[in-house]
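>
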Amino acid sequence: MPDPVTGRLTHPAVILVATDLSDTERLMPFALQQAESTGAHLLLLHVLATSESMAVDAVGMPYYDPAGAVETASNLLQAWCSVARTRKIPCQAMVREGNAAQQVIATARQFLADRILLGTRSRSKMSKLLLGSVAEQVLRSAHIPVITVGPEAHLPVDVAATEGVVLHATTLRETSRPSAALACRIASAMDRPLVLLHVLPPKDEMERKGLPVGADSLALRELRIIAEETGCGCSMPIESHVVHGNPAIEILAEAAERHAVLIVLGATQRNVFQNLTRDRTIYKVLAHARCPVLTLREPKAESEDAVLLRLATHS
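Take any residue in the sequence shown, count from 1 to its spot, add 35: that is its number in the working numbering.
1) Look at the alpha carbon of Ala128 and the alpha carbon of Gly154, and state the distance between them as a whole number of angstroms.
2) Tell me whether the beta-carbon of Val201 lies closer than 9 Å to the beta-carbon of Leu229.
3) Using 8 Å for Cβ pairs, my map puts Ile151 next to Val169. What's the rounded Cβ distance?
4) Evaluate contact between the segment 288 to 303 and the segment 242 to 260, counting only Cβ atoms and requiring at least three cross-stretch pairs below 8 Å.
5) When the Cα atoms are used, what is the spatial distance from Leu217 to Leu258?
6) Using 8 Å as the cut-off, can you tell me whether the segment 171 to 187 makes contact with the segment 268 to 277, which would need three or more C-beta pairs spanning the two stretches below that distance?
7) Name the one or two DSSP bridge partners that Val389 has.
8) Please state whether DSSP places Ser214 in a helix, a strand or coil.
9) For the segment 142 to 149 against the segment 57 to 67, are there 3 or more C-beta pairs whose distance is under 8 Å?
10) Distance, Cα to Cα, Leu287 vs Gln113?
11) Thinking C-alpha only, which one of Ile221, Glu285, Gly199 is nearest Val234?
12) What distance in whole Å lies between the Cβ atoms of Ile298 and Ala324, which are believed to be in contact at a cut-off of 8 Å?
13) With a threshold of 16 other CB atoms inside 10 Å of the CB of Ser214, please say whether the residue is buried or exposed.
14) Identify, in the order they occur along the chain, each residue of the same chain with its Cβ nearer than 6 Å to the Cβ of Ser176, setting aside the five sequence neighbours on each side.
15) Report the residue from Pro237, Glu106, Leu83, Ser117 whose alpha carbon sits nearest the alpha carbon of Asn134.
16) Restricting to Cα atoms, I'd like to know which of Glu71, Leu77, Thr45 is closest to Ala53.
17) Quick one: measure Cβ to Cβ for Ala283 and Val328, integer angstroms, because I've assumed they're closer than 8 Å.
18) Within a Cβ cutoff of 7 Å, which residues of the same chain sit near His189, ignoring the five residues on either side of it in sequence?
19) Tell me the start and end of each unbroken alpha helix (DSSP H) in the segment 56 to 141 that is at least 4 residues and wholly inside, in chain order.
20) Per DSSP, Leu232 forms a beta bridge with which residues?
21) Below 8 Å on the Cβ atoms is my guess for His81 versus Leu51; work out the distance and round it to an integer in Å.
22) Let me check one thing: in DSSP terms, what residues is Ala53 bridge-paired to?
23) Just grab the DSSP bridge partners of Thr183 for me.
See the structure below:
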């Protein structure tokens, strides 16, 4: 039986939805769906920057109008809360002023949020993701799961309710086990099968590095061990899958092929949250995923190459 902390991660009591108001049409369908399936209370937050409070007078001179900006934001959030209440979902709207990322983290702590839901945005017709300083700072600072909804994410309309999987892109490290266990319980809560995916480097790259021959079978064996260890808390089937290639490309391809309803990423602070750049796997997945992406923080661990060499030595 999961402990109370894990239980609140899979069945959150409070979901904090941080919105810049331009993304509510994309964010709120997912927020409402998650709240309905988990019984969570929705807390809608917009953080008002000073620039948003500027208005223009009769002669074209800008002036500070915080009351008007707060009213506009509140009206929009309250409209969504009304939608939530018609679906029997408790909902509260809140507008605050200040540094957006700091206010998101502070609000999550104040209201004991179990999950943060926020959007990312596209900056060009090429769909290049501009993660934005707010989302990046939240990802770096939050100690609870963060679900991002990218510009290409949408609720499936052509997939049967029973189709689709939870896809957990995992490492082979010891630290991957807690996130795999949580992904397993999330899959059970969503009544979806779980796919554990591990992406190995391209074969020619592995040869250049002198990594062991037969790494595919070693990795698959380790994934199956993880599946067995975590399966006790998961009532849904678990499938293990190993592929070679670019991690971001393979994760997105697998998610599209399996009609993933959620991608779960475990990431180390060193590799992701302290050095988040466009070249990182998580950045690319957030940019182009067609479903929400839940990010879990893992402690710093040994490198993937070291893991493969260790597995080969002990096989």
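Ideal Cβ positions, reconstructed from N, Cα and C, are used throughout, including at glycine.
Considering the structure as presented:
1) Numbered from its first residue, the sequence shown carries residue 128 at position 93. Numbered from its first residue, the sequence shown carries residue 154 at position 119. Near 17 Å, if we compare the C-alpha coordinates of Gly154 and Ala128.
2) The residue given as residue 201 occupies position 166 in the sequence shown. The residue given as residue 229 occupies position 194 in the sequence shown. Yes, the Cβ-Cβ distance between Val201 and Leu229 is below 9 Å.
3) Reading the sequence shown from its first residue, position 116 is the one you call residue 151. Reading the sequence shown from its first residue, position 134 is the one you call residue 169. With 8 Å as the limit, Ile151 and Val169 do not qualify as a contact, their Cβ atoms being about 11 Å apart.
4) no
5) As a first step, residue 217 must be located in the sequence shown, where it is residue number 182. As a first step, residue 258 must be located in the sequence shown, where it is residue number 223. Their Cα atoms are separated by approximately 15 Å.
6) no
7) Only positions 36 to 350 of the chain appear in this structure, which leaves residue 389 out of reach.
8) Residue 214 sits at position 179 when you count from the first residue of the sequence shown. Ser214: helix per DSSP, three-state reduction.
9) no
10) For the purposes of this step, residue 287 is taken as the residue at position 252 of the sequence shown. For the purposes of this step, residue 113 is taken as the residue at position 78 of the sequence shown. Cα to Cα, the separation comes out at about 35 Å.
11) One-based indexing of the sequence shown puts residue 234 at position 199. Of the listed residues, the one whose Cα sits closest to Val234 is Glu285.
12) Your numbering for residue 324 matches position 289 in the sequence shown. Your numbering for residue 298 matches position 263 in the sequence shown. With 8 Å as the limit, Ala324 and Ile298 qualify as a contact, their Cβ atoms being about 6 Å apart.
13) Position 179 of the sequence shown holds residue 214. Buried, by the Cβ-count rule.
14) On the sequence shown, residue 176 is found 141 positions in, with the first residue counted as 1. Contacts found: Ile140.
15) Sequence index remark: in the sequence shown, residue 134 carries index 99 (1-based). Ranking the options by Cα distance to Asn134, first place goes to Leu83.
16) Along the sequence shown, one-based indexing puts residue 53 at 18. For the residues Glu71, Leu77, Thr45, the minimum Cα distance to Ala53 belongs to Leu77.
17) By one-based count along the sequence shown, residue 283 stands at place 248. By one-based count along the sequence shown, residue 328 stands at place 293. That belief does not hold up - the Cβ atoms of Ala283 and Val328 are roughly 11 Å apart, past 8 Å.
18) What you label residue 189 is simply residue 154 of the sequence shown in a count that begins at 1. If we look at His189 and ignore the five residues flanking it on each side, its Cβ neighbours are Arg325.
19) 59 to 73, 101 to 121
20) Taking the first residue of the sequence shown as position 1, residue 232 is located at position 197. Partner(s): Ala204, His276.
21) The residue given as residue 81 occupies position 46 in the sequence shown. The residue given as residue 51 occupies position 16 in the sequence shown. Not quite, the Cβ-Cβ distance comes to about 12 Å (not below 8 Å), so this is no contact.
22) Residue 53 sits at position 18 when you count from the first residue of the sequence shown. Answer by DSSP bridge pairing, in chain order: Leu80, Leu153.
23) Mapped onto the sequence shown, residue 183 falls at position 148. Paired residues: Leu153, Val328.
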